[in-house]
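Below is one structure, written out as C-alpha cells, with a few remarks after it.
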Amino acid sequence: MTTPHETIEIPLTTRLRRVTIGRWIMYFLLVFIVLFFSLDAIFGLGVIDWPRVQTYFFNWEIIRGMFPEVLTIAAKNTILYTAVAFTLGLFLALILALMKMSTIRPYRWFAAGYIELFRGLPALVTIFLVAYGLPLAFDFTIPGGTLGKGCLGLAIVAAAYMAETIRAGIEAVPRGQMEAARSVGMPRMVAMRQIVLPQAFRIIIPPLTNELVLLIKDTSLFFVIGTTIATKELTKFGRDIMNLRRNPTPMIVIALVYLLITLPLTYMVRRLERSTGKGRT
Amino acid sequence: MTVPPIQIRDLHKYFGELEVLRGIDFEVAAGEVVCVIGPSGSGKSTLLRCINLLEEPTSGTILIEGEDMTAWGADVDGLRTKIGMVFQQFNLFPHLDVLRNLTMAQRRVLKRSEDEADEIARVMLRRVGLLDKIDEYPIRLSGGQQQRVAIARALCMNPDMMLFDEPTSALDPELIGEVLDVMRSLAEEGMTMLVVTHEMGFARQVADRVVFMDEGVIMEQGPPDELLLDPQHERTQRFLRAIQHI
C-alpha cells in the first residue's frame, strides 16, 4: 500500500528526472555537433569543403590587403559620419522636443508632423531626398560633400527618433525643479538649460546611446550618395573589394570592425542603465 | 507711507471649470508674518503660487511692492527675485551640490561674481546652521536639512518677502522643529512672511495674523489668539475642532 505522502512524491521525482534527461539530451546534441564538425575539419571527412569556406570567408590574402585602409579610412569615416550625424541630430531633436512641448499650438503640430513623417519613412528614402532632391529643387549645394549630404539626411531621421526620447526625459524631471528655478528669477530658457536639461539627459543617456548604435549601422546607407576613395565608410569599402575580388571575405572583416565599435557601446549602455537604476533609490 | 509688499485685489483662479480662488482681497504689510490655514483644497497653496505667478491668475491684480505683477510687460523674473519661495517638496537641484544650489541663480540672474555669490552662500548657510554641508549633494541630506538649504537658497537672492508652501508637511515629525526654528528666527529679524501651514503651534507663537481659507475665499482672519482660540465663523470653529481631535 502507498501512503498519500508517497503518491505526492512520485510524480515530483519523475518530473525532475524528465527535466534532467532533457538537459542531458541537449548536452549530448551539442557535443555531437561540435565533435562532428571538428572531426570533419581535422580528418577531411568531406561533409563540408573547409578549404572552400576558408577561401570565401577567411581569405588571408584579401584580409591582409584590406589593412590598414579598413581602419584608417573606412572605420574612421564610419565613426566620423556617426559623430557628425548624431551631434546634428541631437541638436535638431532638442529643438523638436521643445517645440513639441510648446504652448504655441502650430509649433506642436509641426514637431508632431515632423516626427511622424521621418519615423514613417525608410532612412534610405530620406537620404535620397536630402542628397539629390533638396539641391535640385532649391538649386544649392549642401556643403561638405558626402559627409554633408549623408549626415544631414541621417540627422533628420535620427532627430525624429531622439526628439521623443528627449521629451520623455524632460517630462521625467519633476515639475518642482522648473518651479524652483523660476521662483528664484531664472528665465524659462536659463532654467531649462541649467536645471531641467542636465537632469533630463542623465535619465536618457542609455536610450540615446542605443540611438547612437543604430546610427553607426545606418551610415552604411551612405553608399547611395556616391563616394570617392577617401570618403568610403565600412560597408561601401567592403562591398567594393568584394565586387572587385569576387569574394565575400571583406564582409566578414567589416562585420568584425562594426562589432569592435558597437560592442563597447552596448556594454556601456548596460552599465549605465544599471548605475542610473541604482542612483534612483 | 510705505507700500505694502504684497497686495492682492479680487483674485480669481480657475482650473478648467473649477473655481479654486473666488475673489481674494488681501494685503501683507512690511515685516508682517501671516499664516494661512484651512482644509486641503481650500485654495491656500494656489493663492501662494499665484503671488509669484507660478500659477497664472484668471483675473485680478497682484502688486508686489506696488508694482503690478500681472500687467502686460511686467518684469516677472525681476519681481520674482524679491519673493523667496520655499516648497513642500524642497525642490533642491539634485545635480548640483549645496554651494551651487545657492549660487546658480545669484550668478545667472543677479550677475554676481563667483566670489561674491560664494560669500553670500556661506553667510546664508551659516544662518540656517548648515555651513558644514556646503560640498554635499542634496540626496545626502535629511529632509529637514534639505528644507533649510532651500530656505538659504531663497535668502541668497536677498528677497524682501518669503512665501512658504507647507514647508514642514513632507518632513518626519522629529525634523519639523529645526525648520520651524529657522523660520522663527527669520520672522524675528523682520522678514515679511506668508506661510501656508498646518503647524498651529507655530502660527500661534510667530504669526502676527492668521488667515482661515475655505472653498476659495478668506473666511476669517485676525490675530492668532483671537482666530485660533475664539473663532467667530462656524466653518472656522469646525475646522479647528477637527484638527484638534487628531
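Which chain is which? The protein sequence lines are A and B, in order.
Residues 1 to 281, numbered by this note's numbering, are exactly what the first sequence covers, in order.
Residues 1001 to 1246, numbered by this note's numbering, are exactly what the second sequence covers, in order.
The beta carbon of each residue, even a glycine, is placed where N, CA and C say it ideally should be.
(request) Indicate the three-state DSSP secondary structure (helix, strand or coil) for A/I288 in the structure shown. (result) In the structure as shown, chain A starts at 1 and stops at 281, and residue 288 of chain A therefore has no counterpart that could be examined.
(message) Relative to the C-alpha of A/I252, which candidate in A/F36, A/L45, A/M66 has its C-alpha closest?
(response) Locating residue 252 of chain A in the first sequence gives position 252, where the first residue counts as 1. Answer by Cα proximity: A/M66.
(request) Assign B/V1020 to one of three DSSP states: helix, strand, or coil. (result) Numbered from its first residue, the second sequence carries residue 1020 of chain B at position 20. Strand at B/V1020.
(request) State yes or no: is the beta carbon of A/P4 nearer than 8 Å to at least one beta carbon in chain B? (result) Stepping through the first sequence from its first residue, residue 4 of chain A is reached at position 4. With a pLDDT of 49 at A/P4, under the threshold of 50, the modelled position of this residue cannot be trusted; read the value that follows with caution. So, not an interface residue.
(message) Please list the terminal residues of the continuous beta strand (DSSP E) segment that includes B/I1243.
(response) On the second sequence, position 243 is the one that residue 1243 of chain B refers to. Looking at the DSSP string, B/I1243 is not in any beta strand (DSSP E); the run it does join, the alpha helix (DSSP H), is 1234-1244.
(message) If you measure between the beta carbons of B/H1198 and B/M1219, is that distance less than 8 Å?
(response) By 1-based counting over the second sequence, the position of residue 1198 of chain B is 198. By 1-based counting over the second sequence, the position of residue 1219 of chain B is 219. It is not a contact, given that the beta carbons lie outside the stated cut-off.
(request) Give, in chain order, every residue of the stretch 170-196 of chain A whose Cβ lies closer than 8 Å to some Cβ of chain B. (result) From the stretch 170-196 of chain A, only P174, G176, Q177, E179, A180, A181, R182, S183, V184, G185, M186, P187, V190, Q194, I195 have a Cβ closer than 8 Å to chain B.
(request) Take the Cβ of A/V47 as the centre, count every other Cβ of all protein chains shown within 10 Å, and call the residue buried at 16 or more, exposed below. (result) Here residue 47 of chain A corresponds to residue number 47 of the first sequence, with the count starting at 1. Its Cβ having fewer than 16 others within 10 Å, A/V47 is exposed.
(message) Using a Cβ-Cβ cutoff of less than 7 Å, which residues in the same chain neighbour A/M1 once the five nearest sequence positions on both sides are dropped?
(response) Against the first sequence, residue 1 of chain A aligns to sequence position 1. No answer about A/M1 holds up, because its pLDDT of 45 lies below 50 and its placement is not dependable.
(request) Taking only beta-carbon positions, decide if A/P206 is within less than 8 Å of chain B. (result) Residue 206 of chain A sits at position 206 when you count from the first residue of the first sequence. So no, A/P206 is outside the interface.
(request) Going by DSSP, name the residue or residues bridged to B/R1209. (result) To locate residue 1209 of chain B, count along the second sequence from 1; it is residue 209. In DSSP, B/R1209 forms a bridge with B/V1034.
(message) Quick check on DSSP: helix, strand or coil for B/F1090?
(response) Residue 1090 of chain B sits at position 90 when you count from the first residue of the second sequence. B/F1090 carries a coil assignment under DSSP once its states are collapsed to helix, strand and coil.
(request) For my contact list, A/A93 and A/M162 are in at a C-beta cut-off of 8 Å; report their separation, rounded to the angstrom. (result) Position 93 of the first sequence, counting from 1, holds the residue named residue 93 of chain A. Position 162 of the first sequence, counting from 1, holds the residue named residue 162 of chain A. That pair is a contact at about 4 Å.
(message) Which residue wins for smallest C-alpha separation from A/M99, given the options A/I195, A/A181, A/M26, A/E164?
(response) What you label residue 99 of chain A is simply residue 99 of the first sequence in a count that begins at 1. For A/M99, the nearest C-alpha among the options comes from A/E164.
(request) Measure the Cβ-Cβ separation of A/T72 and A/L154 and say whether it is below 8 Å. (result) Locating residue 72 of chain A in the first sequence gives position 72, counting from the first residue. Locating residue 154 of chain A in the first sequence gives position 154, counting from the first residue. Remark: C-beta atoms of A/T72 and A/L154 do not approach each other more closely than 8 Å.
(request) Whole angstroms is fine: what's the gap from B/L1154's alpha carbon to B/P1224's? (result) By one-based count along the second sequence, residue 1154 of chain B stands at place 154. By one-based count along the second sequence, residue 1224 of chain B stands at place 224. Before going further, note that residue 1154 of chain B is Ala rather than Leu in the sequence given. Straight-line Cα distance between these residues: approximately 26 Å.
(message) Along the chain, where does the beta strand (DSSP E) containing B/D1165 start, and where does it finish?
(response) In the second sequence, residue 1165 of chain B corresponds to position 165, counting from 1. Taken as a continuous stretch (DSSP letters only), the beta strand (DSSP E) holding B/D1165 covers 1161-1165.
(request) Report yes or no: is there a C-beta of chain A within less than 8 Å of the C-beta of B/T1081? (result) Locating residue 1081 of chain B in the second sequence gives position 81, where the first residue counts as 1. Taking Cβ atoms only, chain A reaches closer than 8 Å to B/T1081, which makes this a yes.
(request) Could you tell me whether any Cβ in chain A is nearer than 8 Å to the Cβ of B/M1157? (result) On the second sequence, residue 1157 of chain B is found 157 positions in, with the first residue counted as 1. Closer than 8 Å to the CB of B/M1157 there is at least one CB belonging to chain A.
(request) Step through the CB atoms of chain B and report whether any lies within less than 8 Å of the CB of A/K278. (result) As a working note, residue 278 of chain A is residue 278 in the first sequence. In this predicted model, A/K278 has a pLDDT of only 44, less than 50, meaning its place in the structure is not dependable; the value taken from the coordinates is given anyway. Closer than 8 Å: no.
(message) Taking the beta strand (DSSP E) that B/S1059 belongs to, which residues open and close that run?
(response) Translated into the one-based positions of the second sequence, residue 1059 of chain B becomes position 59. Residues 1059-1064.
(request) Identify, in the order they occur along the chain, each residue of the same chain with its Cβ nearer than 7 Å to the Cβ of B/G1043, setting aside the five sequence neighbours on each side. (result) The residue you call residue 1043 of chain B lines up with position 43 of the second sequence. The answer, listed in chain order, is V1020, L1021, M1213, G1216.
(request) Step through the CB atoms of chain B and report whether any lies within less than 8 Å of the CB of A/R105. (result) Position 105 of the first sequence, counted from the first residue, corresponds to residue 105 of chain A. Chain B, which has no Cβ nearer than 8 Å to the Cβ of A/R105, makes this no.
(message) Counting only C-beta atoms, is B/P1094 closer than 8 Å to chain A at any point?
(response) Here residue 1094 of chain B refers to the residue found at position 94 when the second sequence is read from its first residue. Output row for B/P1094: interface = yes.
(message) Judging by CA-CA distance, which residue of B/E1136, B/S1169, B/T1061 is the nearest neighbour of B/Q1007?
(response) Position 7 of the second sequence, counted from the first residue, corresponds to residue 1007 of chain B. It is B/T1061 whose Cα lies nearest to the Cα of B/Q1007.
(request) Taking all protein chains shown into account, decide if B/N1158 is buried (16 or more other Cβ within 10 angstroms of its Cβ) or exposed. (result) As a first step, residue 1158 of chain B must be located in the second sequence, where it is residue number 158. Exposed: under 16 other Cβ atoms inside 10 Å.
(request) Note down, in chain order, all residues in the stretch 200-226 of chain A with a beta-carbon under 9 Å from any beta-carbon belonging to chain B. (result) Hits within the stretch, in order: R202.
(message) Could you tell me the alpha carbon to alpha carbon distance between A/Y258 and A/L234, rounded to whole angstroms?
(response) If you number the first sequence from 1, residue 258 of chain A lands on position 258. If you number the first sequence from 1, residue 234 of chain A lands on position 234. So the two alpha carbons sit approximately 8 Å from each other.
(request) Indicate whether B/D1319 and B/E1136 have their beta-carbon atoms separated by less than 8 Å. (result) The shown model of chain B, from 1001 to 1246, leaves out residue 1319 of chain B, and the question about it has no answer.
(message) Given this structure, state the Cα-to-Cα distance separating B/D1305 from B/L1053, to the nearest angstrom.
(response) One cannot answer for residue 1305 of chain B here, as it falls past the ends of chain B, which runs 1001 to 1246.
(message) Could you check whether the Cβ of B/Q1089 sits closer than 8 Å to any Cβ belonging to chain A?
(response) For this step, residue 1089 of chain B is matched to residue 89 along the second sequence. At a cut-off of 8 Å between C-beta atoms, B/Q1089 counts as an interface residue with respect to chain A.
(message) Following a CB-centred definition, is B/L1155 positioned closer than 7 Å to any heavy atom of the ligand PLP?
(response) This structure does not include the ligand PLP; it has no bound ligands of any sort.
(request) Name, going along the chain, the residues of the stretch 1051-1078 of chain B whose beta-carbon falls closer than 8 Å to a beta-carbon of chain A. (result) Of all residues in the stretch 1051-1078 of chain B, N1052, L1054, D1077, G1078 have a Cβ within less than 8 Å of some Cβ in chain A.
(request) Give the secondary structure of A/R280 by DSSP, where H, G and I count as helix, E and B as strand, and everything else as coil. (result) For the purposes of this step, residue 280 of chain A is identified with residue 280 of the first sequence, where counting begins at 1. Unreliable positioning characterises A/R280 in this predicted model, as indicated by a pLDDT of 40, which lies under 50. A coordinate reading is not provided.
(request) Just confirm the distance between the C-beta atoms of A/A159 and A/G89, as a whole number of angstroms; I'd bet it's less than 8 Å. (result) Counted from its first residue, the first sequence places residue 159 of chain A at position 159. Counted from its first residue, the first sequence places residue 89 of chain A at position 89. Contact holds; Cβ gap of about 5 Å.
(request) Please name the residues in the stretch 1103-1123 of chain B whose beta-carbon is closer than 9 Å to at least one beta-carbon of chain A, in chain order. (result) Within the stretch 1103-1123 of chain B, the residues whose Cβ lies closer than 9 Å to any Cβ of chain A are, in chain order, M1104, A1105, Q1106, R1108, V1109, L1110.
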